[in-house]
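Before any comments, here is the structure.
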């Protein structure tokens, strides 16, 4: 019975996975097809063709990222091993990512702030990806002239890295689903022009589970906070 239930569960996940992927790929592929057909319907200037190709290239890059992300998530269905474990300073990773996101933040006059520190034993590239996903979201959905704050704390048997950004509250009913594939809570978060693939938070959760930790979110009328929690038994301060 246990094996049958496991097979049924795996099959249900596979169906859901396939349905999600087909749904998310359909719109951008249709857009690319329509744009290409329209551009071929009549002769145009070379500059017009160049603009169309540039637009198509951007969409194809997003599709490539989406497929890559889906493949990563597929590998995590039954757990993933951590090939490279090393002691990492969380605040050092945050500050390195601040350098990467500085230009994007400056466009919206957003100050990037960080405080606290702790060391964990982890796959550095995976944890860097998880933190990057949270920073990217925070900058994208934060209003202009509002800071994005990262706080690293240690206590109560765990180490936490929390990313805070200002903005309207996410409805409570949406919070449990934010880490689901392709789920976006607000209309602005489902903007088809968004550069995200809708998989960043799902990947973040999978990475944290691989490290024996968890990812969580809380949202009030003024602030949204995403936290990565690590067990202290796997860390050294």
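Numbering (the numbering used here), first residue to last: 1220 to 1456.
We put the beta carbon where it would ideally sit given N, CA and C, even for glycine.
Keep in mind it's a predicted model, so treat the numbers as computed, not measured.
Spatial neighbours of residue i in its chain, beta-carbon cut-off 6 Å, leaving aside the 5 residues before and after
i: residue 1408; result: The predicted model places residue 1408 with a pLDDT of 45, which falls under 50 and marks its position as unreliable; any figure quoted below should be read in that light. Answer for residue 1408: no residue qualifies.
i: residue 1347; result: 1312
i: residue 1413; result: At residue 1413, the pLDDT of 45 sits below 50, so the modelled position is not reliable and the matter cannot be decided from this model.
i: residue 1345; result: 1426
Residue interval of the beta strand (DSSP E) (run including residue i)
i: residue 1305; result: 1305-1308
i: residue 1378; result: 1377-1385
i: residue 1368; result: 1367-1374
i: residue 1331; result: 1331-1334
i: residue 1438; result: 1433-1438
Beta-carbon spacing of residue i, residue j below 8 Å
i: residue 1378; j: residue 1449; result: yes
i: residue 1313; j: residue 1339; result: no
i: residue 1355; j: residue 1419; result: yes
i: residue 1392; j: residue 1441; result: no
i: residue 1451; j: residue 1376; result: yes
i: residue 1309; j: residue 1337; result: yes
i: residue 1251; j: residue 1278; result: yes
i: residue 1372; j: residue 1432; result: no
i: residue 1351; j: residue 1316; result: yes
i: residue 1487; j: residue 1417; result: Since the first and last residues shown for the chain are 1220 and 1456, residue 1487 lies out of range.
Same chain, Cβ closer than 8 Å to residue i, neighbours up to 5 away in sequence not counted
i: residue 1435; result: 1445, 1446, 1448
i: residue 1364; result: 1327, 1328, 1329
i: residue 1349; result: 1422, 1423, 1426, 1427, 1434, 1447
i: residue 1255; result: 1271, 1275
Opening and closing residue of the alpha helix (DSSP H) in which residue i lies
i: residue 1339; result: Unbroken run through residue 1339 is the beta strand (DSSP E), 1338-1341; no alpha helix (DSSP H).
i: residue 1421; result: 1419-1429
Beta-ladder partner(s) of residue i, from DSSP
i: residue 1449; result: 1378
i: residue 1278; result: Its beta-bridge partners do not exist; DSSP assigns none.
i: residue 1246; result: None, per the DSSP bridge assignment.
i: residue 1221; result: According to DSSP, which records beta bridges pairwise, residue 1221 is partnered with nothing at all.
i: residue 1444; result: 1383, 1437
Same chain, Cβ closer than 7 Å to residue i, five either side skipped, listed in chain order
i: residue 1323; result: 1358
i: residue 1291; result: 1422
i: residue 1353; result: 1382, 1423, 1445
i: residue 1304; result: 1340, 1341, 1342
i: residue 1437; result: 1444
Using 8 Å as the Cβ pair cut-off and three pairs as the minimum, do the region 1357-1376 and the region 1330-1338 touch? yes
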